[in-house]
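First to last, the protein sequences are chains A and B. Throughout the first sequence, residue numbering follows the working numbering, covering 1 to 116 in sequence. Throughout the second sequence, residue numbering follows the working numbering, covering 1 to 115 in sequence. Beta carbons: idealized from backbone N, C-alpha and C, even for Gly. Keep in mind it's a predicted model, so treat the numbers as computed, not measured. Step one of this worksheet: look at the structure below.
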Amino acid sequence: DTEVTQTPKHLVMGMTNKKSLKCEQHMGHRAMYWYKQKAKKPPELMFVYSYEKLSINESVPSRFSPECPNSSLLNLHLHALQPEDSALYLCASSWPGQRGKNTEAFFGQGTRLTVV
Amino acid sequence: QQPVQSPQAVILREGEDAVINCSSSKALYSVHWYRQKHGEAPVFLMILLKGGEQKGHEKISASFNEKKQQSSLYLTASQLSYSGTYFCGTVGPYAGGTSYGKLTFGQGTILTVHP
């Protein structure tokens with residue numbers, strides 16, 4: 001099983017709403033990632049969890065709050081978002097790599113988020 | 001820092017070959033290549049590590065020049081299914097305190113294969 005599952009596939013939320021994106025993998029990967037992708041742009045790294053601990057936060061606004069409850073699950077909690085936060089949010093996971101050397105990442109299908 | 005890809009777009013006929021280049025201004029530990037079709041997730045193609053190790057699909061080849069911080073992806077005898085946006089991702093020097101380097105993607109190369 002080389003699948004990363006993200007839910008929901010589509011989400012429309014108001015600027016005062018609170019919602020969560022979910023990501024699940026059963027490949028035994030110990031690194032999990034959140035990326036944000038705008039149309040016709042590359043994925044931009046937001047957060048990295050390594051062994052369930054937050055290891056990289058790319059100066060993401062606090063209205064995005066990641067959570068890694070266990071080695072298979074990754075959540076992204078959303079609150080008070082802005083219309084410019086509308087994008088495709090991708091989750092990815094990878095095997096543990098040697099120091100500084102990522103192994104290949106497997107991506108989920110993403111959640112298409114629209115903030116109105 | 002974001003790697004730079006070239007060309008930005010390529011148009012081919014089935015059976016033709018293409019090369020996509022990726023370069024970085026910083027020292028690299030590894031280079032990753034992904035393909036993303038419209039509305040789909042990026043799919044892993046190839047990883048090239050400092051020291052010569054590489055792993056990927058049999059029908060795709062790539063090179064990694066560590067000294068020049070450059071990588072090239074070679075697509076031979078292209079098929080319609082090769083169409084999509086190709087991204088290179090680079091991992092720079094180890095960031096102290098983290099187990100995983102930061103994977104940063106280039107701007108992408110749009111490949112279109114016509115019958």
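Inset, instruction - Please state whether DSSP places LEU28 (chain B) in a helix, a strand or coil. - result: As a first step, residue 28 (chain B) must be located in the second sequence, where it is residue number 28. Three-state result, LEU28 (chain B): coil.
Legend entry - Alpha carbon of THR7 (chain A) to alpha carbon of GLU40 (chain B), nearest angstrom: Indexing the first sequence from 1 puts residue 7 (chain A) at position 7. Indexing the second sequence from 1 puts residue 40 (chain B) at position 40. Spanning the two alpha carbons is a distance of roughly 14 angstroms.
Inset, instruction - Please check if any C-beta of chain A sits within less than 7 angstroms of the C-beta of ALA9 (chain B). - result: Taking the second sequence and counting its residues from 1, one reaches residue 9 (chain B) at position 9. Taking Cβ atoms only, chain A never reaches closer than 7 angstroms to ALA9 (chain B), which makes this a no.
Legend entry - Same chain only: Cβ atoms within 7 angstroms of PHE64 (chain A), ignoring 5 sequence neighbours per side: In the first sequence, counting from the first residue as 1, residue 64 (chain A) sits at position 64. Only MET46, LEU76, LEU78 meet the Cβ criterion.
Inset, instruction - Could you have a look at PRO66 (chain A) and say whether DSSP puts it in helix, strand or coil? - result: Here residue 66 (chain A) refers to the residue found at position 66 when the first sequence is read from its first residue. If DSSP states are grouped into helix, strand and coil, PRO66 (chain A) belongs with the strands.
Legend entry - GLU104 (chain A) at chain B interface by Cβ criterion, 7 angstroms: Position 104 of the first sequence, counted from the start, is the residue given in the question as residue 104 (chain A). Judged by the 7 angstroms Cβ criterion, GLU104 (chain A) is in contact with chain B.
Inset, instruction - Reducing DSSP to helix, strand and coil, say where GLY106 (chain B) ends up. - result: Along the second sequence, one-based indexing puts residue 106 (chain B) at 106. In this structure, GLY106 (chain B) counts as coil in the three-state DSSP scheme.
Inset, instruction - Give the single residue among B:HIS38, B:TRP33, B:GLN1, B:ARG13 whose Cα lies nearest to the Cα of LEU88 (chain A). - result: As a first step, residue 88 (chain A) must be located in the first sequence, where it is residue number 88. That would be B:HIS38, whose Cα lies nearest to the Cα of LEU88 (chain A).
Inset, instruction - Measure the C-alpha to C-alpha separation of CYS22 (chain B) and GLY108 (chain A) and round it to an integer number of angstroms. - result: In the second sequence, counting from the first residue as 1, residue 22 (chain B) sits at position 22. In the first sequence, counting from the first residue as 1, residue 108 (chain A) sits at position 108. Roughly 24 angstroms between the two C-alpha positions.
Legend entry - Sequence-distant residues of its chain with Cβ nearer than 8 angstroms to GLU14 (chain B) (five each side left out): On the second sequence, residue 14 (chain B) is found 14 positions in, with the first residue counted as 1. Closer than 8 angstroms at Cβ, skipping near neighbours: SER78, GLN79, LEU80, VAL113, HIS114, PRO115.
Legend entry - Pair within 7 angstroms by beta-carbon distance, THR90 (chain B) and THR76 (chain B): Sequence index remark: in the second sequence, residue 90 (chain B) carries index 90 (1-based). Sequence index remark: in the second sequence, residue 76 (chain B) carries index 76 (1-based). No, they are not a contact pair.
Inset, instruction - Could you say which of B:VAL10, B:VAL4, B:HIS57, B:ILE47 lies nearest to SER83 (chain B) if we only look at CA atoms? - result: For this step, residue 83 (chain B) is matched to residue 83 along the second sequence. Among B:VAL10, B:VAL4, B:HIS57, B:ILE47, the Cα nearest to that of SER83 (chain B) belongs to B:VAL10.
Inset, instruction - Please list the segments of the alpha helix (DSSP H) lying wholly inside the stretch 14-95 of chain A, counting only runs of 4 or more residues, in order along the chain. - result: none
Inset, instruction - Look up SER61 (chain B) in the DSSP assignment and say whether it is helix, strand or coil. - result: Position 61 of the second sequence, counted from the first residue, corresponds to residue 61 (chain B). In this structure, SER61 (chain B) counts as strand in the three-state DSSP scheme.
Legend entry - Ordered list of beta strand (DSSP E) runs contained in the stretch 29-58 of chain B, each at least 3 residues: 30-36, 43-49, 54-56
Inset, instruction - Label GLY106 (chain B) either buried or exposed according to how many other C-beta atoms from any shown protein chain fall within 10 Å of its C-beta, with 16 as the threshold for buried. - result: Position 106 of the second sequence, counting from 1, holds the residue named residue 106 (chain B). Buried, because 16 or more other Cβ atoms sit within 10 Å of the Cβ of GLY106 (chain B).
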